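Residue numbers (numbering that gives the first Met the number 0): 0 to 360. Positions of the beta carbon are idealized from the N, C-alpha and C atoms, including for glycine. Predicted, not measured: the structure shown is a model, and the values here were computed from it. These notes are about the structure you will find just below.
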Amino acid sequence: MIHKVQGAVVLSKDAPVTLQTVLVPDPGPGEALVDILTSGVCHTDLHYKQGGISDDFPFLLGHEATGVVSAVGPGVTNVIPGDRVILNWRAVCGTCRACAKGQPQYCFNTANATQKMTLEDGTVLSPALGIGAFIEKTLVAAGQCTKVDDDVDPAAAGLLGCGVMAGLGAAINTGGVKRGDSVAVIGCGGVGSAAIAGAALAGATTVIAVDRDPRKLTKAMTLGATDTVNATDEDAVAAIRALTGGFGADVVIDAVGRPETYKQAFYARDLAGTVVLVGVPTPEMVLELPLLDVFGRGGSLKSSWYGDCLPSRDFPALIDLYKQGRLDLDAFVTERITINDIEAAFTKMGDGSVLRSVVVL
């Protein structure tokens with residue numbers, strides 16, 4: 000059976016998002032059909048729209064989603080129809096060299112649905128991050144579904160599907176923040192704000208938020224920041240050092256992903272400290288650092304993919320913390336919008352007025 004549903008599609012580079020009729024097949028082996036409840040508007044969706052990820056247009060946007068499984072294909076055992084799930088883009092294979100080493104959070108062969116969703120004329124769609132969630136129903140690999148309790152707000156829970164998980168994981172999983180650490184986060188958008196929350200959750204005693212937007216710095220204080228630095232008014236590196244006894248932070252997280260901010264992170268960390276890059280750079284960006292400084296300062300320089308998360312492990316644990324009142328996922332939901340408002344949400348993202356706009360289907 001083919002399902003005809005409405006989805007938000009970008010047909011070509013920088014074209015406006017338009018609602019199109021999308022043909023979604025019933026699930027085949029290893030696949031699941033999911034009725035979407037909510038999907039956050041993530042900066043990655045904007046990258047797709049701008050052609051910054053690939054040129055495989057047209058794209059079916061959306062990936063940061065919660066839904067309900069409506070059907071599963073042969074061989075699927077991890078979910079059944081009626082399950083509430085958060086969708087993820089790390090459906091681990093279990094057999095690649097990372098999985099074989101016991102590090103499935105780095106799986107190099109993650110799965111997507113085999114069948115394709117298309118426009119009515121047969122044009123094959125490229126779903127964002129193998130999900131495509133700005134749509135009434137989407138088809139994914141069953142491993143992209145992580146079952147969670149159905150008594151939580153889907154708009155908040157779904158943000159673990161990308162941005163919030165990326166930030167939390169950058170602090171907890173990649174950065175290894177522990178009790179008593181000092182942490183600085185450069186860039187306090189959705190991902191950076193989640194990194195601040197993650198650092199506080201892990202027990203960091205000094206959590207420094209760095210941004211140019213006073214609104215974001217104010218919000219960061221509500222999410223666990225102990226100090227703020229407005230990078231428009233003062234030198235971020237000097238300010239972070241001043242707030243950490245002159246030494247620099249144990250962990251510095253670059254949630255912007257530019258050479259300038261990475262250098263700030265590099266020089267704002269303590270000797271033998273850790274730098275975590277979670278902001279996504281663009282292909283033309285080049286970083287130059289004196290090799291002697293890289294050697295002499297020691298420590299670790301890490302990149303964080305998806306917060307180095309394992310969805311089957313991390314999503315349920317974080318939902319439990321949310322239900323206990325220890326992780327305020329609601330704070331990341333700035334507004335709830337319809338599928339017709341995605342273009343406006345991209346504009347708000349650019350002017351810094353939202354952490355997350357969430358499409359409610």
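Taking every protein chain shown into account, the CB of ARG355 has 16 or more other CB atoms within 10 angstroms, so this residue is buried. For HIS62, the three-state secondary structure derived from DSSP is coil.
Counting only the Cα atoms, ALA7 lies some 13 Å from PHE345. Short of 8 Å from the beta carbon of LEU128, and not among the five residues preceding or following it, lie these beta carbons of its own chain, in chain order: THR43, HIS62, TRP88, CYS161. Sequence-distant partners of GLY29 (beyond 5 residues in either direction) whose C-beta falls short of 7 Å from its own C-beta, in its chain, are GLY72, GLY74, VAL75, ALA140, ALA141. Per DSSP, reduced to three states, the secondary structure at SER356 is strand. Two segments are said to touch when three or more pairs of C-beta atoms, one from each, lie closer than 8 Å; by this definition the region 273-287 touches the region 242-261.
Taking all protein chains shown into account, GLN104 has 16 or more neighbouring C-beta atoms within 10 Å of its C-beta and is therefore buried.
Per DSSP, reduced to three states, the secondary structure at GLY51 is coil, with no helix or strand assignment. Scanning GLY197, ASP292, ALA201, LEU216 for the CA closest to the CA of GLY351 turns up LEU216. Rounded to the nearest angstrom, the gap between the Cα atoms of SER311 and LEU59 is 25 Å.
Distance from the CA atom of ALA90 to the CA atom of ASN111, rounded to whole angstroms, is 7 Å. Per the coordinates, the alpha-carbon of LEU291 lies some 14 Å from the alpha-carbon of LYS262. Secondary structure note for GLU259: its alpha helix (DSSP H) is the uninterrupted segment 258-267. The closest CA to that of GLY175, considering only GLU334, VAL16, GLY306, PHE133, is found on GLY306. ARG325 is not a Cβ neighbour of GLY298, given a cutoff of 8 Å. DSSP places ARG335 in the uninterrupted beta strand (DSSP E) bounded by 334-336. The criterion of a C-beta distance shorter than 8 Å is satisfied by ALA199 and VAL206. Taking C-beta separations shorter than 8 Å and ignoring five residues to either side along the sequence, the partners of ILE79 in its chain run VAL68, VAL71, following chain order.
Contact check between the region 23-40 and the region 113-132: three or more CB pairs, one atom from each, fall below 8 Å, which counts as touching. At a Cβ-Cβ threshold of 8 Å, LEU328 and LEU158 count as neighbours. The alpha-carbon of GLY245 is positioned some 21 Å away from that of LEU300. Counting along the chain, ALA110 sits inside no alpha helix (DSSP H), nor does DSSP assign it H or E at all.
In this structure, the straight-line span from the alpha carbon of SER302 to that of THR37 is close to 29 Å.
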